[in-house]
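Novice:
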Amino acid sequence: PVEKTSGDSVVAGTLNKTGSIVFVATRVGKDTALARIIGMVKQAQNSKPPIGRMADVISSYFVPVIMIIAVISALAWLNFGPDPALAFALVSATTVLIIACPCALGLATPMSVMVGVGKAAEAGVLIRNGESLQTASQITAMVLDKTGTITEGAPKVTDIRVVAGESEASVLGLAASLESGSEHPLAAAIVESARERNLQVGSVSRFNAVVGQGVEGELDGRHLLFGNEKLMAERQVDLGEFREQAQQLAAEAKTPMYLAVDQRLAAVIAVADPIKEDSVAAIKRLQQRGVRVIMLTGDNRATAEAIAHKVGIKEFVAEVKPEDKADKITALQAAGETVGMTGDGINDAPALAQANVGFAIGTGTDVAIESADITLMRGSLHGLADAIAVSRATLRNIKQNLFGAFIYNVVGVTFATGMLYPFFHVLLNPVVAGAAMAFSSVTVVTNANRLRLFKAQQH
């Protein structure tokens, strides 16, 4: 069960276990989350991974090759076989045509894909198509956006350090006035903190967002700057002893931001985004599967390093601008990695589209979900390990089916032609051939259904 309170979103198709609720339908019919889930599962189950298309190519040559083998077998018996040669030729050709089974090859992939996608959906993982299913099994590097992916995506103000002559309330009010025009998650934390203290938020003029650095504007004739150390350095604001305090805050996995009024430093405000309680265990599962995990964040290096250390990530890239995320993915691909990218925001969409497989957090924006190949409906990073585990199990099952179908046809057709007759003086009975043909299809279907026994690791 998932607890819901006033203001939370609820999904169509879920059950309210106790009490009663009043809700507003924001989406109906085909636009509901449930309808989208059903649509994505159907689409994936009807699609084929690249390995399935290879099987289709083989199947397209299968019937002509079997016809040729049957004719050659009949001619060989007519010319070289014992009497009655015609009877031996007819039995041999008929048996070849009966025992050859393109059905097994045709069923090998779609049956496994159908069951595998269904198992993934049970684990809260929605796979868009068969190609994503196959590629997910080959991922060697997983790139994780920090905010909303590793962390809760709901940052809170934790510290306010002010210069002499300023008060916490006054600097927080100024920062909130400035950030009220920004859509960044950290801005929302500043504004929310001011509202909790019942502080007045003013109307800022000449507002400007400096990408990757902060914001600026004017309020009551004063010029305000609020952002990171880079912004302060560019505008030549002296940080003095507050630089060291900010470094200490960053070492505690907090994001320090400076407020300057008329080019003079007024305060340092720190914001922290709580790490999801299952992020550490989920990242460990990925690493145990041999996946290289890399964190991307716009935070300064000290904060990024502290968070990476907490969750067990050895590689991270700090101070990344939103437009540069896709370039980081491209660089990894150029180094030979098969890259998965996980994010939840609009600014993650280009990187999700660039990655070999894009994973969207289901609680994130619609743009991110539409750009992704796989959606994690439960919002947990455990879904990444589950998706990779299911995809690897499904691909392994497909290969088993294809191998079994191929070996069956090679061995079966060899017996049917009578090539072993000179050694054992036994010719395969057409009735037995028919039973073997049916059994081969049943075997493929049964093996595919073994995937239903697959269980994602408990977490």
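Numbering (the numbering used here), first residue to last: 20 to 478.
Glycine included, every Cβ here is placed at the ideal spot set by N, Cα and C.
#1: Specify the secondary structure class of Pro121 as computed by DSSP and reduced to three states.
#2: Express the C-alpha separation of Leu371 and Val336 in angstroms, rounding to a whole number.
#3: With a cut-off of 8 angstroms on the beta carbons, I'd call Ser459 and Ala123 a contact; round off their distance for me.
#4: Between the alpha carbons of Arg214 and Val220, how many angstroms are there, rounded?
#5: Would you grab the beta carbon distance between Ala269 and Thr322 for me? Rounded to a whole angstrom, and I think it's under 8 angstroms.
#6: Would the beta-carbon of Ile326 fall within 8 angstroms of that of Ile294?
#7: For the putative contact between Ala265 and Val287, defined by C-beta atoms under 8 angstroms, what is the C-beta separation to the nearest angstrom?
#8: Could you pull out every residue in the same chain whose Cβ sits closer than 7 angstroms to the Cβ of Ser201, ignoring the five residues on either side in sequence?
#9: Below 7 angstroms CB to CB, which residues in the same chain sit around Gly125 once its five sequence neighbours on both sides are set aside?
#10: Does the CB of Ala183 have a neighbour CB from chain C at under 8 angstroms?
#11: May I ask which residues mark the beginning and end of the beta strand (DSSP E) holding Leu395?
#12: Round the Cβ separation of Met456 and Ile117 to the nearest angstrom and send it over; I've been treating them as touching at under 8 angstroms.
#13: Would you mind reading off the limits of the alpha helix (DSSP H) that contains Lys333?
#14: Beta carbon of Ile417, beta carbon of Ala127: below 8 angstroms?
#15: Is the separation between the beta-carbon of Gly236 and that of Arg225 shorter than 8 angstroms?
#16: Could you please give the first and the last residue of the uninterrupted beta strand (DSSP E) stretch that includes Arg241?
#17: The alpha helix (DSSP H) that contains Thr349, what's its start and end?
#18: When we look at the beta-carbon of Asp75 and count the other beta-carbons within 10 Å, is it buried (16 or more) or exposed?
#19: Using 8 angstroms for Cβ pairs, my map puts Ile313 next to Ala160. What's the rounded Cβ distance?
#20: Could you please give the first and the last residue of the uninterrupted alpha helix (DSSP H) stretch that includes Arg214?
#21: Out of Glu334, Val445, Asn319 and Glu296, which one is the CA nearest neighbour of Val310?
Specialist: Once the coordinates are examined:
#1: Stepping through the sequence shown from its first residue, residue 121 is reached at position 102. In the structure shown, Pro121 sits in a helix (DSSP, three-state: H, G or I).
#2: For this step, residue 336 is matched to residue 317 along the sequence shown. For this step, residue 371 is matched to residue 352 along the sequence shown. Taking the straight line from one Cα to the other gives about 17 angstroms.
#3: Taking the first residue of the sequence shown as position 1, residue 459 is located at position 440. Taking the first residue of the sequence shown as position 1, residue 123 is located at position 104. With 8 angstroms as the limit, Ser459 and Ala123 qualify as a contact, their Cβ atoms being about 4 angstroms apart.
#4: Taking the sequence shown and counting its residues from 1, one reaches residue 214 at position 195. Taking the sequence shown and counting its residues from 1, one reaches residue 220 at position 201. Going by the C-alpha atoms only, they are around 8 angstroms apart.
#5: The residue given as residue 269 occupies position 250 in the sequence shown. The residue given as residue 322 occupies position 303 in the sequence shown. Right, their Cβ atoms sit about 4 angstroms apart.
#6: Position 307 of the sequence shown, counting from 1, holds the residue named residue 326. Position 275 of the sequence shown, counting from 1, holds the residue named residue 294. Cβ distance < 8 angstroms, so Ile326 and Ile294 count as in contact.
#7: By one-based count along the sequence shown, residue 265 stands at place 246. By one-based count along the sequence shown, residue 287 stands at place 268. Indeed they touch by this definition, with Cβ atoms about 5 angstroms apart.
#8: Against the sequence shown, residue 201 aligns to sequence position 182. Closer than 7 angstroms at the Cβ level, and outside the excluded window around Ser201, lie Ala228 and Val234.
#9: The residue labelled residue 125 in the question sits at position 106 within the sequence shown. Counting only Cβ-Cβ distances below 7 angstroms, and skipping sequence neighbours, we find Ser78.
#10: Annotation note: the requested chain C is absent from the structure, which comprises a single protein chain.
#11: Translated into the one-based positions of the sequence shown, residue 395 becomes position 376. Counting along the chain, the beta strand (DSSP E) containing Leu395 begins and ends at Ile393 to Leu395.
#12: Within the sequence shown, residue 456 is the residue found at index 437, counting from 1. Within the sequence shown, residue 117 is the residue found at index 98, counting from 1. The pair is a contact, with the Cβ atoms about 6 angstroms apart (cut-off 8 angstroms).
#13: Taking the sequence shown and counting its residues from 1, the one referred to as residue 333 is at position 314. Taken as a continuous stretch (DSSP letters only), Lys333 belongs to no alpha helix (DSSP H), as it is neither H nor E.
#14: Start at 1 with the first residue of the sequence shown, and residue 417 comes out as number 398. Start at 1 with the first residue of the sequence shown, and residue 127 comes out as number 108. Yes, the Cβ-Cβ distance between Ile417 and Ala127 is below 8 angstroms.
#15: Here residue 236 corresponds to residue number 217 of the sequence shown, with the count starting at 1. Here residue 225 corresponds to residue number 206 of the sequence shown, with the count starting at 1. In contact: Gly236 and Arg225 (Cβ atoms closer than 8 angstroms).
#16: As a first step, residue 241 must be located in the sequence shown, where it is residue number 222. Arg241 -> beta strand (DSSP E) spans Arg241 to Gly246.
#17: Within the sequence shown, the letter at position 330 stands for residue 349. Note, Thr349: alpha helix (DSSP H), Lys344 to Ala353.
#18: As a working mapping, residue 75 is identified with position 56 in the sequence shown. Exposed, because fewer than 16 other Cβ atoms sit within 10 Å of the Cβ of Asp75.
#19: For this step, residue 313 is matched to residue 294 along the sequence shown. For this step, residue 160 is matched to residue 141 along the sequence shown. With 8 angstroms as the limit, Ile313 and Ala160 qualify as a contact, their Cβ atoms being about 6 angstroms apart.
#20: Taking the sequence shown and counting its residues from 1, the one referred to as residue 214 is at position 195. From DSSP, the alpha helix (DSSP H) with Arg214 extends over Pro204 to Glu215.
#21: Reading the sequence shown from its first residue, position 291 is the one you call residue 310. Considering only alpha carbons, the answer is Glu334.
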